[in-house]
Structures are given as structure tokens and as C-alpha cells.
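Undergrad: Numbering (UniProt numbering), first residue to last: 1 to 202.
Using N, Cα and C, we set each Cβ at its ideal position, and we do this for glycine too.
1. Could you spell out where the alpha helix (DSSP H) holding residue 28 opens and where it closes?
2. Please classify residue 181: does DSSP put it in a helix, a strand, or coil?
3. Would you mind reading off the limits of the beta strand (DSSP E) that contains residue 153?
4. For the alpha helix (DSSP H) holding residue 56, just list the boundary residues, first then last.
5. Quick check on residue 191: buried or exposed, where buried means 16 or more other Cβ atoms within 10 Å of its Cβ?
6. Nearest by alpha-carbon distance to residue 174: which of 193, 199, 159, 49 is it?
7. Between 100, 154, 196, 8, which has its C-alpha nearest residue 70's C-alpha?
8. Buried or exposed for residue 179, going by 16 or more other Cβ atoms inside 10 Å?
9. Go ahead and pull the three-state DSSP assignment for residue 34.
10. Relative to the C-alpha of residue 54, which residue among 166, 188, 74 is closest?
11. Just to confirm the assignment, what range does the beta strand (DSSP E) spanning residue 169 have?
12. Relative to the C-alpha of residue 13, which residue among 72, 68, 61, 30 is closest?
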């Protein structure tokens with residue numbers, strides 16, 4: 001993720017934190033609720049924002065590591081979810097260096113509204129990083145954005161086929177793709193839609 005995108009989120013953090021908190025995790029993850037882990041496991045949330053989704057997973061009994069490069073989001077999460085037991089890392093794709101350095105595998109990996117901010121030229125490296133963090137038989141759920149984004153937070157186009165091919169090249173298998181509208185009113189008005197892909201490690 002480029003420094004320009006991170007700075008764009010920093011500049012809009014106050015407004016975005018309020019917006020993010022107003023949308024329940026059940027709504028955001030609605031298309032994939034039936035495949036989320038039900039027994040306690042190790043969850044990695046990449047691009048965890050202000051903590052709504054990591055806190056939801058932690059409340060289900062999971063051990064959650066949250067990667068978020070936007071300092072304002074991490075600070076807000078530390079205050080709001082101080083007792084949730086979430087491990088926060090300053091890390092961004094394609095490298096996720098702080099997560100990789102821990103040497104820990106994860107049973108479930110989440111990327112919600114993140115992939116569109118990864119430059120096309122670095123997506124193969126990003127997918128390889130994600131694969132390296134997945135435990136045997138782990139699952140990864142990621143949303144692929146279709147439509148415009150904010151001018152200050154660049155969105156790089158991509159297709160479901162491209163994403164599936166990158167996963168395949170890393171030895172991962174697509175379980176399914178599901179399509180959904182945006183849950184944010186502004187994105188919905190702009191015609192933004194999403195593909196949720198669930199991808200499995202061998």
C-alpha cells in the first residue's frame with residue numbers, strides 16, 4: 001500500500017472512524033458469515049481499520065492479530081477496544097513485515113476493503129505474503145472492489161479472474177465467489193459493488 005493512500009486515510013481518519021463504527025460487522029461480512037470460523041482459532045485481519053472487525057472476532061473467542069498501517073486507526077482501536085485482547089501491528093501489504101517477522105501461521109485471514117489499494121504491480125508479492133501467513137488448511141476471505149474510490153485514496157482496478165489467478169499461482173484454491181452491494185451509502189450511490197472470495201490453503 002502506497003504512502004499516499006495511507007496519508008489519505010490519516011487525513012480523513014476522524015470522519016472515517018465514525019462511519020466505520022456505524023456499520024455492524026455482521027453487515028460487512030454478511031456474504032461470508034456462514035464460512036467464518038466457529039471454533040477458537042488464530043485470525044489475521046489485514047487492513048483492520050479502527051478495530052470493528054478484529055473486536056468482533058475477538059468476542060467470538062479467537063486469538064486476533066490486526067495489521068493496520070494508519071496510525072490514527074490503531075490509536076482509536078487501542079482506546080475503544082482496549083480490553084479485547086487484540087494484538088495490533090503497524091504493517092501493510094505487500095510485505096506485512098511486522099506480521100511475517102513473528103513467524104506465526106494463521107487459520108483464518110481477512111482482507112475487507114483492502115485489495116483495491118494494493119498496486120497492480122505488487123499484488124503477486126502481496127498474495128505470496130498472505131500465503132506464507134496461512135496455516136495448513138487455512139482459509140482466507142477477501143473482498144474485491146468494483147467501482148470508483150475517493151480521490152485521496154487511490155483505487156487500482158482488478159478483476160476476480162486476476163485475483164483467482166494470483167491465488168492459484170501461490171498454490172491456493174478458490175472455494176467460491178459471492179457478489180454484493182456496498183453497505184456504505186456513499187459507495188452504493190456511486191455504484192460500487194464487491195466480490196467476496198474465499199480461498200483455501202492445502
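TA: Concretely, from the data shown:
1. 25-28
2. strand
3. Unbroken run through residue 153: none, as it is neither H nor E.
4. 52-59
5. By the neighbour-count rule (16 or more Cβ atoms within 10 Å), residue 191 is not buried but exposed.
6. 199
7. Closest by C-alpha distance to residue 70, out of 100, 154, 196, 8, is 8.
8. Burial call: exposed.
9. Note: residue 34 maps to helix in three-state DSSP.
10. 74
11. Looking at the DSSP string, residue 169 is not in any beta strand (DSSP E); the run it does join, the alpha helix (DSSP H), is 160-169.
12. When only C-alpha atoms are compared, the closest one is 72.
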